[in-house]
Amino acid sequence: MSPLSPVPSFCPSWSPRTSPLTALAVAGVGPVALALARRVLEADDAALARWSGVAGPGVLVLLGDTESLPWVDGLVYLGRDTAAPSLLLPCTLAPDVAPALLERALVARASGSTPLAVLPGSAHLVPVGAARPVSRDTVRAWLAKQESP
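Below, the structure is given as structure tokens:
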């Protein structure tokens, strides 16, 4: 799992998507990220081997095939819209602007780092191009750092 670099926030409006995207990643922020890390630590080695991830202060993103992605209440499931292939967008939400225009603006804001996980609820953009295989030790260390005062 790789640390992430912060990207300035954004705030387009979002509405329900008519057809959900296929999930390629899950993301958690704050307490949801902590719950996701705990769920990852409960997973068997075969599941860990199917995921890659990035983490930063209060944010955790796991990438993997749809069937392997864990569930935690409050997670954002992310997929790829063919109109914005450099972005991982919420599976059930669509931006109020053309996805291609949103992609162009967000990639420019992130200095070209792609792909970007877009988390509208927390206004996070998470570069996931540096995602690394998930390691139990790395997740434990990240979780301990997040939980320390």
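In terms of full-length UniProt numbering, the sequence shown has 99 at position 99, counting the first letter as 1, and numbering is strictly consecutive.
C-beta atoms are modelled at their ideal positions from N, C-alpha and C, and glycine is treated no differently.
Q.
Please give me, in chain order, every unbroken run of the beta strand (DSSP E) with length at least 3 that falls completely inside the UniProt domain "MoxR-vWA-beta-propeller ternary system" (13-145).
A. 14-16, 23-29, 52-56, 59-63, 76-79, 87-90, 93-95, 116-119 and 124-127
**Q.** Alpha-carbon spacing of ALA35 relative to VAL72, whole angstroms
**A.** Looking at the two C-alpha atoms, the distance is approximately 7 Å.
Q) Is it the case that the Cβ atoms of PRO120 and PRO90 are separated by a distance below 9 Å? A) yes
Q. ALA37: buried (16+ other C-beta within 10 angstroms of its C-beta) or exposed?
A. buried
Q: Give the single residue among LEU93, PRO70 and ARG104 whose Cα lies nearest to the Cα of VAL32.
A: It is PRO70 whose Cα lies nearest to the Cα of VAL32.
Q: Determine the closest residue to PRO12 out of PRO133, ALA123 and LEU78, with distance taken between C-alpha atoms.
A: ALA123
Q: Closer than 6 Å by C-beta to VAL134: which residues in its own chain qualify, once you throw out the five before and the five after it? Chain order, please.
A: MET1, LEU48, TRP51 and GLY53
Q. In whole angstroms, what separates the C-alpha of SER111 from that of ARG39?
A. 32 Å
Q) How big is the Cα-Cα spacing for ALA23 and LEU78? A) Cα to Cα, the separation comes out at about 5 Å.
Q) How would you call GLY64, buried or exposed, if buried means at least 16 neighbouring beta carbons within 10 angstroms? A) buried
Q: Compute the distance between the beta-carbons of ASP96 and SER15, then report whether it is under 9 Å.
A: For ASP96 and SER15, yes; Cβs fall inside 9 Å.
(Q) Given this structure, state the Cα-to-Cα distance separating ARG17 from PRO115, to the nearest angstrom. (A) 21 Å
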